[in-house]
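Q: Numbering (this note's numbering), first residue to last: 1 to 152.
Structure provided below as structure tokens; questions to follow.
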């Protein structure tokens, strides 16, 4: 039983190859060299800022101390972006002065004063129907053409 075999199999105790040894880092350099070491944080962790001592654990942290610890968010002076879309930093919709900003309600067809077959369609806004507009109706906005017609 003391011959070093377990159920008929010999156990071999070999050392790890040097590239798999715990004494070297990922680059294969010896850990005894002056390589990258531990770099302490620049400031204390937030969980160690209050309640670390027994006295602090028994009392509440003053609001003034919490506010003094806050780091303000700095916004850039000018918004980043190309100035084309309505959303900064993404592919938003292109800003267009032909879209209009006033939402139209239900539209009915009306005849203009001078019927011109080459003109656009003409419609009058008769108001929103209790807020129950379809997506197509909600997409319609009023654009007033300057000097083309009198809005009634």
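Just so you know, even glycine gets a beta-carbon here, dropped at the ideal spot from N, CA and C.
(1) Which residues share a DSSP beta bridge with residue 103?
(2) So, helix, strand or coil for residue 39, using DSSP?
(3) DSSP three-state label for residue 14, please.
(4) Suppose you measure from the CA of residue 109 to the CA of residue 126; what does that come to, to the nearest Å?
(5) Going by the CB atoms, is the gap between residue 104 and residue 141 shorter than 8 Å?
(6) Just verifying my parser: in three-state terms, what is the DSSP assignment at residue 46?
(7) Secondary structure at residue 181, three-state DSSP: helix, strand or coil?
(8) Please work out which residues of its chain come closer than 6 Å, Cβ to Cβ, to residue 124, disregarding the five sequence neighbours upstream and downstream, and give them in chain order.
(9) How big is the Cα-Cα spacing for residue 56 and residue 65?
A: So, from the listed chains and residues:
(1) Numbered from its first residue, the chain shown carries residue 103 at position 103. Answer by DSSP bridge pairing, in chain order: 141.
(2) For the purposes of this step, residue 39 is taken as residue 39 along the chain shown, with counting starting at 1. In the structure shown, residue 39 sits in coil (DSSP, three-state: anything other than H, G, I, E or B).
(3) Here residue 14 is taken as the residue at index 14 of the chain shown, counted from 1. Three-state DSSP puts residue 14 in coil, outside helix and strand.
(4) Position 109 of the chain shown, counted from the start, is the residue given in the question as residue 109. Position 126 of the chain shown, counted from the start, is the residue given in the question as residue 126. Between residue 109 and residue 126, the C-alpha separation is close to 10 Å.
(5) Position 141 of the chain shown, counted from the start, is the residue given in the question as residue 141. Position 104 of the chain shown, counted from the start, is the residue given in the question as residue 104. The answer is yes: Cβ separation under 8 Å.
(6) Walking along the chain shown from the start, residue 46 turns up at place 46. Helix, per DSSP.
(7) Residue 181 is absent from the model: the chain starts at 1 and stops at 152.
(8) Translated into positions along the chain shown, residue 124 becomes position 124. For residue 124, where only same-chain residues beyond five positions count, the Cβ hits under 6 Å are 108, 110.
(9) Stepping through the chain shown from its first residue, residue 56 is reached at position 56. Stepping through the chain shown from its first residue, residue 65 is reached at position 65. Spanning the two alpha carbons is a distance of roughly 12 Å.
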